[in-house]
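J.: Read in order, the letters of the sequence shown correspond to residues 57 to 288 in our numbering. Positions of the beta carbon are idealized from the N, C-alpha and C atoms, including for glycine. All figures in this text were calculated on a predicted structure; none of them were measured in a lab. Structure below; questions to follow.
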Amino acid sequence: MDLFSDSNDVQTLRDRFIPILGAWASVLNTNTLERLKTTLSLISKDSENNIVYPDRKDILKLFREISPNNIRVVVIGQDPFHNGNANGYSFGCKLNVTPSLKQIIDSMKKSVPTTNIKKDIGLQYLANQGVFLLNTILSVRAGNPLSHNNLGWQSFTTDVVKYIQSQPNIVWLLWGSKAKEYEKYIINPTNFIIEDTHPVSASYNNKDWNSKCFVECNNILKEKNLKEIVWL
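If you want it as structure tokens, here you go:
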């Protein structure tokens, strides 16, 4: 992530971001890429004296794995798990199931009855279907939640949200007040927003989340003659 310090040439900057962002390097504007360059430099500096999660290769893997044209659903999270459990996807887990993910999986089971329950707690199978699992802050210092809140991530992810919403028939799942703050950027009338409480709030209150968002999402996709998401 220190590949950008020696060039101001626009095309070179885009070229250097291709291994990190894939097709996104071509669609994001140069101001966004410049800000991302600064953010990555700050993270690199912080990692000299601190452990940073997720692993460096995973911080932006979501962008490499899902091109802009393949996004069907967006799930907005906050910042990565700060205990080594982060894998680069919002709510995806590397080591063990978190209370949030347990609530999500339990709600999926109730909403989409199936005997073929996947064991992929990393949620790769959802990313493979075009579910863009986006944290608004994409890195964190070990043991210190929101520690990278001031490194410029929100500016980058806001630009990403603005780009995605310019595409037709995107379904947005906004869980909790922090995710709902991004609703104001989703102005394309062909997009669809489904809001709910954050799944972890149900855990805090010792309740089941029982969200209907997965059924609602598939109903929207079906109405638009689009392929439904296999949630489990």
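What's the gap between the Cα of Thr246 and the Cα of Gln223?
T.: If you number the sequence shown from 1, residue 246 lands on position 190. If you number the sequence shown from 1, residue 223 lands on position 167. Cα-Cα distance, rounded: 8 Å.
J.: Using 8 Å as the threshold, is the stretch 217-233 in touch with the stretch 127-135, meaning 3 or more CB pairs across them?
T.: yes
J.: When the Cα of Asn205 is compared with those of Pro136, Phe270, Ile250, which residue comes out closest?
T.: Taking the sequence shown and counting its residues from 1, the one referred to as residue 205 is at position 149. Here the closest residue by C-alpha is Pro136.
J.: What does a CB cutoff of less than 7 Å around Asn200 pick up in its chain, not counting 5 residues either side in sequence?
T.: Position 144 of the sequence shown, counted from the first residue, corresponds to residue 200. Correct list, in chain order: His138.
J.: In chain order, what residues of the same chain have a beta carbon less than 6 Å from the beta carbon of Lys150, not counting five sequence neighbours either side?
T.: Within the sequence shown, residue 150 is the residue found at index 94, counting from 1. Counting only Cβ-Cβ distances below 6 Å, and skipping sequence neighbours, we find Asn141, Asn143.
J.: So that I know if they touch, is there some Cβ in chain B lying closer than 8 Å to that of Lys234?
T.: Note that chain B does not occur in the displayed structure, where there is just one protein chain.
J.: Could you tell me which residues DSSP puts in a beta bridge with Asn191?
T.: The residue given as residue 191 occupies position 135 in the sequence shown. In DSSP, Asn191 forms a bridge with Gly133.
J.: Starting from the C-beta of Lys236, find all residues in its chain whose C-beta is less than 7 Å away, skip the five residues before and the five after it, and write them out in chain order.
T.: Position 180 of the sequence shown, counting from 1, holds the residue named residue 236. Excluding residues within five positions, the ones whose Cβ falls inside 7 Å are Leu230, Glu251.
J.: CB Glu121 to CB Ala183, shorter than 8 Å?
T.: Against the sequence shown, residue 121 aligns to sequence position 65. Against the sequence shown, residue 183 aligns to sequence position 127. Yes, Cβ-Cβ distance for Glu121 and Ala183 is below 8 Å.
J.: Would DSSP call Glu251 helix, strand or coil?
T.: The count along the sequence shown starts at 1 and reaches residue 251 at position 195. The answer is strand: DSSP assigns Glu251 an E or B state.
J.: Can you tell me which of Phe73, Ser97, Tyr145, Asn126 puts its alpha carbon nearest to the alpha carbon of Gln134?
T.: Within the sequence shown, numbered from 1, the residue matching residue 134 stands at position 78. Comparing Cα-Cα distances from Gln134 to each of Phe73, Ser97, Tyr145, Asn126, the minimum goes to Tyr145.
J.: Quick check: the stretch 154-173 against the stretch 91-101, are there 3 or more CB pairs under 8 Å?
T.: Contact fails between the stretch 154-173 and the stretch 91-101, because fewer than three Cβ pairs, one in each stretch, are under 8 Å apart.
J.: Run through the stretch 81-144 for me and flag every whole alpha helix (DSSP H) of 4 or more residues, listed as ranges in chain order.
T.: 86-102, 117-121
J.: When DSSP labels each residue in this structure, what does Asn200 get in the three-state scheme?
T.: Position 144 of the sequence shown, counting from 1, holds the residue named residue 200. Strand.
J.: For Cys149, list the residues DSSP reports as bridge partners.
T.: Sequence index remark: in the sequence shown, residue 149 carries index 93 (1-based). Note: Cys149 sits in a beta bridge opposite Ala142.
J.: My understanding is that Ile285 touches Val217, with C-beta atoms under 8 Å, so please give their C-beta distance in whole angstroms.
T.: In the sequence shown, the residue the question calls residue 285 occupies position 229. In the sequence shown, the residue the question calls residue 217 occupies position 161. With 8 Å as the limit, Ile285 and Val217 do not qualify as a contact, their Cβ atoms being about 19 Å apart.
J.: Is the beta carbon of Leu77 closer than 8 Å to that of Leu116?
T.: Within the sequence shown, numbered from 1, the residue matching residue 116 stands at position 60. Within the sequence shown, numbered from 1, the residue matching residue 77 stands at position 21. For Leu116 and Leu77, yes; Cβs fall inside 8 Å.
J.: Just to confirm my understanding: we take Lys234, look at its own chain, exclude 5 residues before and 5 after, and list those with CB closer than 6 Å. What are they?
T.: Reading the sequence shown from its first residue, position 178 is the one you call residue 234. So the list reads Gln134, once near-sequence residues are dropped.
J.: Among Arg72, Asn261, Asn191, which one has its Cα closest to the Cα of Gly90?
T.: Residue mapping note: residue 90 aligns to position 34 of the sequence shown, counting from 1. Correcting the residue type first, residue 90 is Glu in the shown sequence and not Gly. Among Arg72, Asn261, Asn191, the Cα nearest to that of Glu90 belongs to Arg72.
J.: Under 8 Å, do Leu288 and Lys166 count as touching if we go by C-beta distance?
T.: What you label residue 288 is simply residue 232 of the sequence shown in a count that begins at 1. What you label residue 166 is simply residue 110 of the sequence shown in a count that begins at 1. Going by C-beta atoms, Leu288 is not nearer than 8 Å to Lys166.
J.: Leaving out five residues on either side along the sequence, give the residues of the same chain with a beta carbon under 6 Å from the beta carbon of Arg70.
T.: In the sequence shown, the residue the question calls residue 70 occupies position 14. Within the same chain, Ala81 come within 6 Å of Arg70 by CB-CB distance, once the 5 residues on both sides are set aside.
J.: Count the other CB atoms, across all protein chains shown, that sit within 10 Å of the CB of Ile74; report buried if there are 16 or more and exposed otherwise.
T.: Position 18 of the sequence shown, counted from the start, is the residue given in the question as residue 74. Ile74 is exposed by the Cβ-count criterion.
J.: Please classify Val168: does DSSP put it in a helix, a strand, or coil?
T.: Walking along the sequence shown from the start, residue 168 turns up at place 112. Reduced to three states, the DSSP call for Val168 is coil.
J.: Below 8 Å on the Cβ atoms is my guess for Ser163 versus Ser257; work out the distance and round it to an integer in Å.
T.: Counted from its first residue, the sequence shown places residue 163 at position 107. Counted from its first residue, the sequence shown places residue 257 at position 201. Actually they do not touch by this definition, with Cβ atoms about 13 Å apart.
J.: Quick check: the Cα distance between Ala198 and Glu104, rounded to an integer number of angstroms?
T.: The residue labelled residue 198 in the question sits at position 142 within the sequence shown. The residue labelled residue 104 in the question sits at position 48 within the sequence shown. So the alpha carbons of these two residues sit roughly 13 Å apart.
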